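Visitor: Protein chains in written order, with the numbering used here: chain A, 1085 to 1310; chain B, 2 to 226.
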């Protein structure tokens, strides 16, 4: 079975009606790591950015106000929890919903910054994330249409893979790439980081890294490569 | 759609509708993407991006099972949340560009219509009362239209407009009412009338306050030459 060849031995399942959560070492590792990072972020304080002034010995400190700090910490924790949920879920559509939630929260974290160019790139990222909602949800819907289920556990046990399922998986890949801001869409997301308030900004990056690892596993399960 | 998954009693006509619906959704998305490529103004791009989101709903709804129906609602909510977040970004960017003090409807506004001077308050009142009578989503939309007419008429007559900052809070509390009503449906079904009215009132307040917020969107185009 392909589940065990990717994520390690199956430690157990949590049957919740139609949705069956399954636990294996990969999921548990990712889940625990992201929870630890979320706790670290929840108890940390923001950094103060120090910019050297050009042509003098002065320095310019850019810090984050208390209100903005609380706002960002809340959204960063939500982002961490959504990532943790995406790590452990056994349902394809729940994964896409967690993914979309991460996208929204990522926009929210930078929504209160004062730099106009950061807001501009957040706006561009938001547009890309919204457009990529079509391949993300549409891909999941096509997989549902061609296999009749959204449970990864059942998908992994399916005897054959229809061409339509592979098409759906490819659409999901496009959607994941856009929502998490990897290769073709990375430019705007990298610009979003250029603002003070480091640990909270970092979860934007961290969540997309984790999501990519999990989505690779999910897509490999769906198209039965391994 | 895999044929053996579909139950026998589903007519062949409904089964054959999946492919046209899927293509239809993809074509709508493609047209919207062409529109996004052509448009220059940010607000227009945002509106057209919502069209791509609607195409996503078409693709999901094309599956046509009850599971797909259960997926349409979260898809719609995610879509709305994203467009709210992005428009919030757009507003805060434009506000930062033009400075903090702005009126509710900042642009030059001339609506020299008789209806704006004679009885706009009465009209707004009737709309709000009728909306309260309707309750639910439709009633919220009607009452929100009443609020917008009231605001527009004040603006057209050159009177100041009081911006209520707590409108978003009302919307949130109304949402809680809706959820409480929904939970009561399952917890104590014998009080179905109470929960129905809670849900209807919550939805009414929520939609009405959301429609009242709409004028804020006008602020961001101001000052853009």
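Here a beta-carbon is modelled for each residue, glycine too, at the ideal position from N, C-alpha and C.
Since the model is a prediction, treat every value here as computed from it, not as a measurement.
1) Please confirm whether residue 77 of chain B has its beta-carbon closer than 8 Å to some beta-carbon of chain A.
2) Taking Cβ positions, are residue 1234 of chain A and residue 1176 of chain A nearer each other than 8 Å?
3) Taking 8 Å as the CB-CB cut-off, is residue 1214 of chain A touching chain B?
4) Quick check on the DSSP output: the alpha helix (DSSP H) that includes residue 192 of chain B runs from which residue to which?
5) What do you reckon, are the CB atoms on residue 29 of chain B and residue 16 of chain B nearer than 8 Å?
6) Starting from residue 93 of chain B, find everything on chain A with Cβ-Cβ shorter than 8 Å and list it in chain order.
7) Taking 8 Å as the cut-off, decide whether the C-beta atoms of residue 1167 of chain A and residue 1220 of chain A are in contact.
8) Would DSSP call residue 1097 of chain A helix, strand or coil?
9) Using the beta-carbon count (16 or more within 10 Å), is residue 83 of chain B buried or exposed?
10) Consult DSSP for residue 1275 of chain A and reduce its assignment to one of helix, strand or coil.
11) Is the beta carbon of residue 1255 of chain A closer than 8 Å to that of residue 1210 of chain A?
12) Count the C-beta pairs between the region 1190-1204 of chain A and the region 1156-1171 of chain A that are closer than 8 Å, then say yes if the count reaches three, no if not.
13) Taking the alpha helix (DSSP H) that residue 1027 of chain A belongs to, which residues open and close that run?
14) I believe residue 1258 of chain A touches residue 1308 of chain A by the beta-carbon criterion, under 8 Å. Please report the beta-carbon distance rounded to the nearest angstrom.
15) Going by DSSP, name the residue or residues bridged to residue 1190 of chain A.
16) For residue 62 of chain B, collect the residues of the same chain with a Cβ closer than 6 Å to its Cβ; drop the 5 residues on either side in sequence, then sort them by chain order.
17) Check whether the Cβ of residue 128 of chain B lies closer than 8 Å to any Cβ atom in chain A.
18) Name the residues in the region 1249-1260 of chain A whose C-beta lies less than 8 Å from a C-beta of chain B; which are they?
19) Does any residue of chain B have a CB that is nearer than 8 Å to the CB of residue 1100 of chain A?
20) Give a yes or no on whether the C-beta atoms belonging to residue 1217 of chain A and residue 1184 of chain A are separated by under 8 Å.
21) Verify whether the separation of the beta carbon atoms of residue 68 of chain B and residue 1228 of chain A is less than 8 Å.
22) Just checking: is the beta-carbon of residue 81 of chain B within a distance shorter than 8 Å of some beta-carbon in chain A?
23) Run through DSSP, which three-state label would residue 152 of chain B get?
24) Using DSSP with H/G/I as helix, E/B as strand and the rest coil, what is residue 1128 of chain A?
25) Using a Cβ-Cβ cut-off of 8 Å (strictly less than) and excluding sequence neighbours within five positions of residue 1143 of chain A, which residues of its own chain qualify?
26) Which word fits residue 87 of chain B, buried or exposed, when buried means at least 16 other C-beta atoms lie within 10 angstroms of its C-beta?
27) From the DSSP output, in three-state form, read off residue 1145 of chain A for me.
28) Could you tell me which of A/1263, A/1123 and A/1232 sits nearest to residue 1292 of chain A, measuring between CA atoms?
29) Going by DSSP, name the residue or residues bridged to residue 1175 of chain A.
30) Let me see if you follow: with CB-CB separation under 8 Å, is residue 97 of chain B close to chain A or not?
31) What residues from the region 33-58 of chain B come within 9 Å of chain A, judged by C-beta to C-beta, listed N to C?
32) Tell me, to the nearest whole angstrom, how far the beta carbon of residue 1132 of chain A is from that of residue 1116 of chain A; I am working on the premise that it is less than 8 Å.
33) For the structure I just gave you, are there three or more beta carbon pairs, one from the region 111-130 of chain B and one from the region 140-159 of chain B, closer than 8 Å?
34) Taking the beta carbon of residue 1111 of chain A as the centre, do at least 16 other beta carbons fall within 10 Å, making it buried, or is it exposed?
35) Return no unless some Cβ of chain A is closer than 8 Å to the Cβ of residue 89 of chain B.
36) Can you check whether the CB of residue 1200 of chain A is closer than 8 Å to the CB of residue 98 of chain B?
Guide: In terms of the structure at hand:
1) Sequence index remark: in the second chain, residue 77 of chain B carries index 76 (1-based). With 8 Å as the cut-off, residue 77 of chain B does not count as an interface residue toward chain A.
2) For the purposes of this step, residue 1234 of chain A is taken as the residue at position 150 of the first chain. For the purposes of this step, residue 1176 of chain A is taken as the residue at position 92 of the first chain. For residue 1234 of chain A and residue 1176 of chain A, yes; Cβs fall inside 8 Å.
3) If you number the first chain from 1, residue 1214 of chain A lands on position 130. Chain B, which has a Cβ nearer than 8 Å to the Cβ of residue 1214 of chain A, makes this yes.
4) Residue numbering aside, residue 192 of chain B sits at position 191 when the second chain is read from its first letter. Per DSSP, residue 192 of chain B belongs to no alpha helix (DSSP H) and is neither H nor E.
5) For the purposes of this step, residue 29 of chain B is taken as the residue at position 28 of the second chain. For the purposes of this step, residue 16 of chain B is taken as the residue at position 15 of the second chain. Taking 8 Å as the Cβ cut-off, residue 29 of chain B and residue 16 of chain B do not qualify as a contacting pair.
6) As a working mapping, residue 93 of chain B is identified with position 92 in the second chain. Per Cβ cutoff of 8 Å: 1195, 1196 and 1203.
7) Stepping through the first chain from its first residue, residue 1167 of chain A is reached at position 83. Stepping through the first chain from its first residue, residue 1220 of chain A is reached at position 136. Their beta carbons are not under 8 Å apart, which means residue 1167 of chain A does not touch residue 1220 of chain A by this criterion.
8) Here residue 1097 of chain A is taken as the residue at index 13 of the first chain, counted from 1. Strand at residue 1097 of chain A.
9) Counting from one through the second chain, the residue named residue 83 of chain B turns up at place 82. Counting Cβ neighbours within 10 Å, residue 83 of chain B comes out buried, since at least 16 surround it.
10) Working through the first chain from its first residue, we reach residue 1275 of chain A at position 191. The answer is helix: DSSP assigns residue 1275 of chain A an H, G or I state.
11) To locate residue 1210 of chain A, count along the first chain from 1; it is residue 126. To locate residue 1255 of chain A, count along the first chain from 1; it is residue 171. In this structure, residue 1210 of chain A lies away from residue 1255 of chain A, with their beta-carbon atoms at least 8 Å apart.
12) yes
13) Beyond the ends of chain A as shown, which are 1085 and 1310, falls residue 1027 of chain A; an answer cannot be given.
14) Mapped onto the first chain, residue 1258 of chain A falls at position 174. Mapped onto the first chain, residue 1308 of chain A falls at position 224. Incorrect: roughly 20 Å between the Cβ atoms, too far for contact.
15) Residue 1190 of chain A sits at position 106 when you count from the first residue of the first chain. Bridge partners of residue 1190 of chain A: none, in fact.
16) By 1-based counting over the second chain, the position of residue 62 of chain B is 61. Closer than 6 Å at the Cβ level, and outside the excluded window around residue 62 of chain B, lie 73.
17) Position 127 of the second chain, counted from the start, is the residue given in the question as residue 128 of chain B. Taking Cβ atoms only, chain A never reaches closer than 8 Å to residue 128 of chain B, which makes this a no.
18) none
19) Against the first chain, residue 1100 of chain A aligns to sequence position 16. No, no contact with chain B.
20) To locate residue 1217 of chain A, count along the first chain from 1; it is residue 133. To locate residue 1184 of chain A, count along the first chain from 1; it is residue 100. Taking 8 Å as the Cβ cut-off, residue 1217 of chain A and residue 1184 of chain A qualify as a contacting pair.
21) Counted from its first residue, the second chain places residue 68 of chain B at position 67. Counted from its first residue, the first chain places residue 1228 of chain A at position 144. Against a cut-off of 8 Å, the Cβ pair of residue 1228 of chain A and residue 68 of chain B comes out as a contact.
22) Residue mapping note: residue 81 of chain B aligns to position 80 of the second chain, counting from 1. Answer no: the Cβ-Cβ gap between residue 81 of chain B and chain A never drops below 8 Å.
23) Counting from 1 along the second chain, the entry for residue 152 of chain B is found at position 151. Residue 152 of chain B falls in the helix class under three-state DSSP.
24) As a first step, residue 1128 of chain A must be located in the first chain, where it is residue number 44. Looking at residue 1128 of chain A - three-state DSSP - the assignment turns out to be coil, as it is neither helix nor strand.
25) To locate residue 1143 of chain A, count along the first chain from 1; it is residue 59. Within the same chain, residue 1143 of chain A has close Cβ partners 1134, 1135, 1136 and 1137.
26) Residue mapping note: residue 87 of chain B aligns to position 86 of the second chain, counting from 1. Its Cβ being crowded by 16 or more others within 10 Å, residue 87 of chain B is buried.
27) The sequence position of residue 1145 of chain A within the first chain is 61, counting from 1. Here residue 1145 of chain A sits in strand by DSSP.
28) Taking the first chain and counting its residues from 1, one reaches residue 1292 of chain A at position 208. The alpha carbon of residue 1292 of chain A has as its nearest neighbour, out of A/1263, A/1123 and A/1232, the alpha carbon of A/1263.
29) Position 91 of the first chain holds residue 1175 of chain A. Residue 1175 of chain A pairs with A/1235.
30) Start at 1 with the first residue of the second chain, and residue 97 of chain B comes out as number 96. At least one CB of chain A lies nearer than 8 Å to the CB of residue 97 of chain B.
31) 33, 34, 37, 43, 46, 47, 50, 51, 53, 54, 56, 57 and 58
32) The sequence position of residue 1132 of chain A within the first chain is 48, counting from 1. The sequence position of residue 1116 of chain A within the first chain is 32, counting from 1. Between residue 1116 of chain A and residue 1132 of chain A the Cβ distance is about 31 Å, and since that is not below 8 Å, they are no contact.
33) yes
34) Looking up residue 1111 of chain A in the first chain gives position 27. Counting Cβ neighbours within 10 Å, residue 1111 of chain A comes out buried, since at least 16 surround it.
35) Residue mapping note: residue 89 of chain B aligns to position 88 of the second chain, counting from 1. In terms of beta-carbon proximity, residue 89 of chain B lines the interface with chain A, with at least one pair separated by less than 8 Å.
36) By 1-based counting over the second chain, the position of residue 98 of chain B is 97. By 1-based counting over the first chain, the position of residue 1200 of chain A is 116. Cβ distance < 8 Å, so residue 98 of chain B and residue 1200 of chain A count as in contact.
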